[in-house]
Amino acid sequence: MLIKLAIKSLLQRKVSVLLTVMMIAVSIFVLFSVETIRYQAKDSFSKTVSGVDLIVGARTGQLNLLLYSVFHIGHATNNISWQSYQQLAKNPNVAWTIPIALGDSHRGYRVLGTTADLFTFFKYGEQQTLTFAQGHAFNDLYDAVIGADVAKQLGYKIGDKIILSHGVAKTSFSQHKDKPFTISGVLKPTGTPSDKTVYVSLQAIEAIHIDWQHGVKLPNFKTSNKAISADSLVPETITAFMVGLKSKLATFAVQQQVNNFSAEPLMAILPGATLVELWQMLGSVEQILLLISVLVLAGALLGMSNMLLVSMKERQHEMAILRVVGASPLVILLLIQLEAMLLVIAGIILALLALWLSMWLFSGYITSEYGLFMNQQLLNSHLMIDVGWILLASFFVTMIPAVSAYYRSLYANLR
Amino acid sequence: MSSSVNKPLNKSAVALSHVVYRYPKSKAPILHIENWQVGSGEHVFVHGRSGSGKSTLLNLLAGILTANEGNIHLFGQSLLALNARQRDAFRANNIGMVFQQFNLVPYLSVLENIQLAAHFAGTTNEVVRQRCHSLLAGLSLEPQLMNRRADTLSVGQQQRVAIARALINNPRLLIIDEPTSALDSEAKSGFMTMLMQLANENETTLIFVSHDETLLPFFSHKISMSELNLAGVSYVD
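Chains A and B are the protein sequences, given in the same order.
Just so you know, the first sequence maps onto residues 1 to 415 in the UniProt record's numbering.
Just so you know, the second sequence maps onto residues 1 to 237 in the UniProt record's numbering.
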């Protein structure tokens, strides 16, 4: 009966109630968005790479190296010569290496030149390796393995032919048209940048750039595809490489050796430590965003409280009637609390719908622009805890009009 | 103290002894009734204008206000002996009230308004439905009105629904305050006839406050607020 009364009473004041719900919904949406991006970014970042002890690249910022090698964001400033790579890979502490050559793309998706070792040694999430949904790693020179998103978005399947473009822009004017690739494998979804990557062999990267110089195809040279065999292709440079060590204890020693490498300026980073550093850098921004959204929410709840308080004046008769038919002042207090709860719950539902909708609309954009994967379920325990806090806060804020109604109804003006 | 306090109180429906009420933070009482009793089943006309303390009297009788001094017994039950929550429950179960206007929650239907009163008295919906039909028929209200919003009814219809609502829990005491002030004379006498008939059928004790002396013929007993309320009259303990 009380719920029915609360609902009908709210419907009686449609416009102000609607505005209040919108106000609450917008503020909760802001809070939920910040929270979702916070948690999902943290989760997404931390699970992108695991089981890799060091990442080696040309000397640059630690974050920059991490971003371009793992998240495929930004560009390498310099490359590593093949000789240096070979030399470092021979270090007795090194168990395995995965070379990475970046710089080409296919319809906006980054192309990563590597070796089949990637599918054996690279780990993400909780020490999971990349696994194939269909097909296999590259056997032939012009084989390509694509991530789950690439396959899904572009509708590719095993055996399809694709053309790679030079550079990483979505529309490229220089394409490697003369050397089409055949898709040999499709990876299972991982929720990491792997999903948006096209993998080819290092030799293939080298092959498509034969007859090219300075990023431009030389018109008078045309080497026949048959003349190129995998064995004869040795890359001159790679972008970076990932290192797995035989013993974690050697990590800092190997890092030192790389940093002091005399042939060319190189650096090695610990992906885990650099992720933490990245996270700490984002941490203060995150805290400020959270603070702002909490303040916006507090404003909205106070606004709701004010709306209920103002309405008490015009509802004096209503309260008197309730008292006359036997409602105690406590029932009146509960009625106001119930109305506030209904408003806030409506606001939460609207905010969740908006959150869901915006994630659906923008998750692709966020993933491609910032390397964040938002494909987790939205209603996680973090949001549920937030909902709890919101309801608790609204309970306390609503005590202002509710207690006012309680005292008014003690001396209900019956005439 | 007058000897009337010692009289057996359970025979009378309403018994007030030495009741004094002051507004909070005010020294002078606005109501002081030394001794007043209403017998069970009596229909009493209380003649009084606004400002005579009648609203205070009705709120005291209903247990919404509590007296600063003295005590009120309703059907033998001392209101002082009840806590606030018990008084609210006692009111829901034993007292029906009708006022000048604004008796109904405007956004609820006629039926919902009546169900609301039943809810606080713990009357089941089944009983409400049964009683509702006979009550509305007795008040010349068409059954179709049941699902209409209260604020779409005419004032006369609203006042009759208010009577139905006041009677739904079969109260022993019906307190009515100027219910006809918004009605024309024809509607007034129709309203009064139905009210008295229902009160008789249900053997309800009726306290009816009005300044309209043309209604006097409907009642067996009459008292004036000026006789009842000693406040303002110098009072020596």
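The C-beta atom is built at its ideal place from N, Cα and C for all residues, glycine as well.
It should be emphasised that the depicted structure is a prediction, and the values quoted were computed from it without experimental measurement.
Chain A within 7 Å of residue i, Cβ atoms only
i, result
"Ile64/B", "yes"
"Val5/B", "In this prediction, Val5/B has a pLDDT of 41, which is less than 50 and means its spatial position is unreliable; nothing more can be read from the coordinates."
"Arg85/B", "yes"
"Phe120/B", "yes"
"Tyr107/B", "yes"
"Tyr235/B", "Since pLDDT at Tyr235/B reaches only 39, below the 50 mark, its modelled position is unreliable, and the value read off the structure follows with that caveat. Closer than 7 Å: no."
"Met194/B", "no"
"residue 238/B", "Residue 238/B lies beyond the stretch modelled for chain B, which goes from 1 to 237, so this question has no answer here."
"Ala92/B", "yes"
"Ala150/B", "no"
Own chain, CB closer than 6 Å to residue i, minus 5 neighbours either side, in chain order
i, result
"Gly96/B", "Ala166, Leu167, Pro171 and Leu174"
"Gln153/A", "none"
"Phe219/B", "His43 and Phe45"
"Gly388/A", "none"
"Pro179/B", "Val98 and Gln159"
"Ser409/A", "Met319, Arg323, Pro329 and Ile332"
Close-in-space but distant-in-sequence residues of the same chain around residue i (CB under 8 Å, 5 per side omitted)
i, result
"Asn91/A", "Val254 and Gln257"
"Asn79/A", "Ala58, Thr237, Ile238 and Thr239"
"Lys157/A", "Gln134, Ala151, Ile183 and Val186"
"Ser81/A", "Glu236, Thr237, Ala263 and Glu264"
Chain B within 7 Å of residue i, Cβ atoms only
i, result
"Arg323/A", "yes"
"Met1/A", "yes"
"Glu286/A", "no"
"residue 417/A", "Outside the shown range of chain A (1 to 415) lies residue 417/A, about which nothing can therefore be said."
"Ser328/A", "yes"
"Lys14/A", "no"
"Lys196/A", "no"
"His72/A", "no"
Residue environment, residue i, which counts as buried when at least 16 other CB atoms sit within 10 Å
i, result
"His106/A", "buried"
"Gln87/A", "exposed"
"Trp360/A", "exposed"
"Ala13/B", "buried"
"Thr131/A", "exposed"
"Ala6/A", "buried"
"Asn113/B", "buried"
"Thr114/A", "buried"
"Leu9/B", "Residue placement at Leu9/B is poorly supported in this model, since its pLDDT is 44, which falls under 50; the coordinates still yield a value, given next. Answer is buried; the Cβ neighbour count reaches 16."
"Thr36/A", "buried"
"Leu228/B", "buried"
"Gln130/B", "exposed"
"Trp36/B", "buried"
"Pro401/A", "buried"
"Met304/A", "buried"
"Ser174/A", "exposed"
"Leu355/A", "buried"
Beta-carbon gap between residue i and residue j smaller than 7 Å
i, j, result
"Tyr109/A", "Val145/A", "no"
"Gly122/B", "Leu198/B", "no"
"Ala162/B", "Asn202/B", "no"
"Gly147/A", "Leu202/A", "no"
"Gly244/A", "Asp117/A", "no"
"Thr197/A", "Leu289/A", "no"
"Val325/A", "Phe120/B", "yes"
"Val21/A", "Leu343/A", "yes"
"Lys248/A", "Ile208/A", "no"
"Ile205/A", "Ala101/A", "yes"
"His32/B", "Leu230/B", "yes"
"Ala150/B", "Pro106/B", "yes"
"Leu145/B", "Val110/B", "yes"
"Ser381/A", "Glu264/A", "no"
"Thr48/A", "Val34/A", "no"
"Ile162/A", "Phe181/A", "yes"
Reference residue i, options the options, closest by Cα
i, options, result
"Ile336/A", "Leu308/A, Gly159/A and Gln87/A", "Leu308/A"
"Asn94/B", "His73/B, Trp36/B, Leu136/B and Arg148/B", "His73/B"
"Phe32/A", "Tyr85/A, Ala240/A and Ser293/A", "Ser293/A"
"Val150/A", "Pro401/A, Ser46/A, Pro193/A and Val243/A", "Pro193/A"
"Leu353/A", "Phe29/A, Lys14/A and Lys8/A", "Phe29/A"
"Val38/B", "Asp184/B, Val127/B and Gly76/B", "Gly76/B"
"Ser50/A", "Ala89/A, Phe121/A and Ala76/A", "Phe121/A"
"Met225/B", "Leu58/B, Leu80/B and Thr152/B", "Leu58/B"
"Val296/A", "His72/A, Ala393/A and Leu10/A", "Ala393/A"
Contact set for residue i: own chain, Cβ-Cβ below 7 Å, skip 5 residues either direction
i, result
"Tyr23/B", "Ile30"
"Met399/A", "none"
"Arg49/B", "His211"
Near the ligand COA: residue i beta-carbon under 6 Å from a heavy atom
i, result
"Glu203/B", "Among the components modelled here there is no ligand, and therefore nothing to report on the ligand COA."
- [ ] Taking only beta carbons into account, state which residues of the region 7-35 of chain A come closer than 8 Å to chain E, listed in chain order.
- [x] The chain labelled as chain E is not found among the protein chains of the depicted structure, namely A and B.
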